[in-house]
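The next block holds one structure in the form of structure tokens; read it before the comments.
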Amino acid sequence: MNQSTARRYASGIRELARKRGVAEAFRFWSDYRKLKRELERKLAPIAARHRVDSPGVAYQKYLEVDYWLFENLRRVFALGLDRHPRKLKILDIGCGAAYFLYACRYYGHEVEGLDVPDNEMYNEIVAALGIKRYSKYITKFEDLPTAERYDLVTAFMICFNCHNTPEVWNIEEWESFLLSLHDRNLNADAEVVLSFNIEKSGDPINPELLSYFLSRNATVDVPMIHMRIDYRFK
Ligand SMILES: C[S@@+](CC[C@H](N)C(=O)[O-])C[C@H]1O[C@@H](n2cnc3c(N)ncnc32)[C@H](O)[C@@H]1O
Numbered sequence: 003m004n005q006s007t008a009r010r011y012a013s014g015i016r017e018l019a020r021k022r023g024v025a026e027a028f029r030f031w032s033d034y035r036k037l038k039r040e041l042e043r044k045l046a047p048i049a050a051r052h053r054v055d056s057p058g059v060a061y062q063k064y065l066e067v068d069y070w071l072f073e074n075l076r077r078v079f080a081l082g083l084d085r086h087p088r089k090l091k092i093l094d095i096g097c098g099a100a101y102f103l104y105a106c107r108y109y110g111h112e113v114e115g116l117d118v119p120d121n122e123m124y125n126e127i128v129a130a131l132g133i134k135r136y137s138k139y140i141t142k143f144e145d146l147p148t149a150e151r152y153d154l155v156t157a158f159m160i161c162f163n164c165h166n167t168p169e170v171w172n173i174e175e176w177e178s179f180l181l182s183l184h185d186r187n188l189n190a191d192a193e194v195v196l197s198f199n200i201e202k203s204g205d206p207i208n209p210e211l212l213s214y215f216l217s218r219n220a221t222v223d224v225p226m227i228h229m230r231i232d233y234r235f236k
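Numbering-wise (the numbering used here), the sequence shown opens with residue 3 and increments by one.
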């Protein structure tokens, strides 16, 4: 582990200790170590096949299990999913290597993912982890390829919104997506948590889209991960 990663871990643990107390921070670290060992064991053959030197932002970066598991366990704790009073049915859209879902399942939730069909590394990882995943490219104005209903729908570091292209989704596309989700896929009292990648403008979304989300009762949390802002619908 390099020094900057170690510092990042230490500051994450300190923040949790401040918010929830030392015992909870200790539980986080102990669960993290356990899940990391499990994941590294299960994914070793896949990592050997797909690892590349210096992956940068390419998908092979997710083979760095210690870093990405840490990030995903932080998401799980930030959303209170590690101590939720009831078992939730969770869909993670753009689940990638599915570490978030793996951790949610560890805390007793029923989990499903959705991602593109043609990334062999993701395909092998979700199969090795036994995560149910819908394989589909999301496109604007289309329903999701499932009519199941969920208590929580998440999407982290979103790319399916045509991220970083001139066609990046605006109000019309998001409204269609959210209405379809609401009508077809959400249980009563379900929540949707979205976190956006930074666009070329330097912001995750434009002010009009932010106003639209706020008008739909979104709350914008303190940026949870990597300075990305999360929008939560009630
Ligand atoms: C930046 S990665 C984030 C992965 C994961 N959510 C995380 O936070 O670690 C974006 C993910 O979105 C997926 N993705 C990109 N375009 C998509 C689309 N049109 N439909 C479904 N998934 C898509 C990618 O395959 C990738 O797994």
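No residue lacks a Cβ here, since even glycine has one placed at the ideal position from N, Cα and C.
Query                                                                                                                                                               : Result
Express the C-alpha separation of S32 and A19 in angstroms, rounding to a whole number.                                                                             : 14 Å
Would the beta-carbon of G96 be found less than 6 Å away from any heavy atom of ligand 1?                                                                           : yes
Can you name the start and end residues of the alpha helix (DSSP H) that D120 belongs to?                                                                           : Careful: D120 lies outside any alpha helix (DSSP H) and carries neither H nor E.
In the DSSP assignment, the alpha helix (DSSP H) including N199 goes from what residue to what residue?                                                             : Here N199 belongs to no alpha helix (DSSP H), and DSSP marks it neither H nor E.
Roughly how many whole angstroms lie between the Cα atoms of V194 and L212?                                                                                         : 15 Å
Tell me whether N189 sits in a helix, a strand or coil according to DSSP, three-state version.                                                                      : strand
With a cut-off of 8 Å on the beta carbons, I'd call Y152 and N189 a contact; round off their distance for me.                                                       : 7 Å
Can you tell me where the alpha helix (DSSP H) holding T141 begins and where it ends?                                                                               : First-last for T141: undefined, no H or E at that position.
Does the beta-carbon of Y108, which I'm using as the reference point, lie nearer than 6 Å to any heavy atom of ligand 1?                                            : no
Touch check for the segment 40-57 and the segment 120-131: three-plus C-beta pairs under 8 Å?                                                                       : yes
Thinking C-alpha only, which one of A60, P57, Y69 and L216 is nearest A12?                                                                                          : Y69
Looking at C-beta atoms only, is the number of pairs between the segment 170-178 and the segment 107-119 that lie closer than 8 Å three or more?                    : no
Say whether the segment 67-83 touches the segment 130-148, bearing in mind that this needs 3 or more beta-carbon pairs closer than 8 Å, one atom from each stretch. : no
Figure out for me which residue from A8, G96 and E114 has the closest Cα to the Cα of Y104.                                                                         : E114
Any chance the segment 197-209 sits against the segment 162-176, with 3 or more Cβ pairs inside 8 Å?                                                                : yes
In chain order, what residues of the same chain lie with their CB nearer than 7 Å to the CB of C97, ignoring the 5 residues before and after it?                    : L103, G115, L116, D117 and R135
Which same chain residues, not among the five before or five after R53, have their C-beta less than 6 Å away from its C-beta?                                       : L65
What would DSSP say about T167, mapped onto helix, strand or coil?                                                                                                  : coil
Rounded to whole angstroms, what's the CA-CA distance from K202 to A8? Just pull it up for me.                                                                      : 30 Å
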